[in-house]
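Participant: Next up is a structure, given as structure tokens.
Set out below in structure tokens:
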């Protein structure tokens, strides 16, 4: 519990900054819908003529003149990319910061097994992600209620569940990278989060790259898929869980066997 509280205190300021930034962006985006509602139909028609690009954004499945479509296409993009970047950031700094800051020598002299340190650090990531998601959801729902908008909450909660799984998958993989690296590779983690989003866009546009949908978590966590009630192959979720578990096992193995620098 002492280690968990230490990790929480060390990362809570960054978490609040990320949550407030993304939460306010989502709140503003939602609040803008009533003023854009009259012109949304013509905007949707214009965007719908962009061919494969509009299809990659889900414009062929949902109408942004409707709030559910607007949320899935516009607002969910901010949350999906922003939250995944934050999850990647948490994962990549968690273990590497101890060696980079030369605090690992002290940490591992305490009466804690390395497995305990590993578990505590991963639990702290989950706790931070839970609070982060709770704060952003608060801003989103506040925007919906204040603007008196009609939101499909069953699809909304399913979307956030899938996004939380995506965050954990990316965080776990970056957690493994953090165990391998001796310095915090924040740029690598944030770049990975953006690369995975680019993969999702590409596999929806270029048929020859359809295999990428099994690689990028953005595919199963796509808000358009959820809000359009499109059925999803459960294989994507199984792959996500497999990557998450393998990443955690590898990070544990590497941490237990490596020598401190």
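In UniProt numbering, the protein residues as written are 1 to 261.
Where is the CB? At the ideal position from N, CA and C, for every residue including glycine.
1. With residue 203 and residue 212 assumed to form a contact (beta carbons below 8 angstroms), what rounded beta-carbon distance in angstroms separates them?
2. So residue 73 is in the alpha helix (DSSP H); what residue range does that whole segment cover?
3. Assign residue 154 to buried or exposed, taking buried as 16 or more other Cβ atoms, counted over all protein chains shown, within 10 Å of its Cβ.
4. Can you check which of these residues, 200, 130 and 230, is closest to residue 19 by C-alpha distance?
5. In whole angstroms, give me the CA-to-CA distance for residue 209 and residue 234.
6. Can you tell me the Cα-Cα spacing of residue 219 and residue 200, whole angstroms?
7. Quick check on the DSSP output: what are the complete alpha helix (DSSP H) runs of length 4 or more inside the stretch 183-258, in order along the chain?
8. I need the straight-line Cα distance from residue 188 to residue 206, nearest angstrom please.
9. Beta-carbon within less than 6 angstroms of residue 241's beta-carbon, same chain only, minus the 5 sequence neighbours each way: which residues are those?
10. According to the Cβ coordinates, are residue 120 and residue 230 closer than 8 angstroms?
11. Determine, using beta-carbon pairs with one atom in the stretch 90-99 and one in the stretch 58-78, whether at least three such pairs fall under 8 angstroms.
12. By the DSSP assignment, the alpha helix (DSSP H) with residue 11 in it spans what residues?
13. With distances taken between CB atoms, is the gap from residue 33 to residue 142 smaller than 8 angstroms?
14. Tell me which same chain residues have a C-beta within less than 6 angstroms of the C-beta of residue 172, skipping the five on either side of it?
15. Between residue 146 and the rest of its own chain, which residues show a CB-CB distance below 8 angstroms, the 5 nearest in sequence each way excluded?
16. Check each candidate in 12, 117, 77 and 158 and name the one with the smallest Cα separation from residue 194.
17. Name the residue from 80, 178, 36 and 14 whose alpha carbon lies nearest to the alpha carbon of residue 198.
18. Nearest to residue 139 by CA position, among 150, 9, 251 and 29, is which residue?
19. Using the three-state DSSP reduction, which class does residue 64 fall into: helix, strand or coil?
20. With hydrogens ignored, establish whether the beta-carbon of residue 16 is closer than 7 angstroms to any heavy atom of the ligand SAM.
21. Rounding to the nearest angstrom, what Cα-Cα distance links residue 252 and residue 227 in this structure?
22. Looking at residue 221: is its Cβ nearer than 8 angstroms to the Cβ of residue 163?
23. In three-state DSSP terms, what is residue 160?
24. Are the beta-carbon atoms belonging to residue 217 and residue 180 less than 8 angstroms from one another?
Facilitator: Reading it off the structure:
1. 4 angstroms
2. Note, residue 73: premise wrong, no alpha helix (DSSP H); not H, not E.
3. exposed
4. 130
5. 20 angstroms
6. 6 angstroms
7. 186-205, 223-227 and 235-257
8. 26 angstroms
9. none
10. no
11. no
12. Residues 2-31.
13. no
14. 244, 247 and 248
15. So the list reads 31, once near-sequence residues are dropped.
16. 77
17. 80
18. 29
19. coil
20. By its list of ligands, the structure shown contains no ligand whatsoever, and the ligand SAM lies outside what it can speak to.
21. 37 angstroms
22. yes
23. helix
24. no
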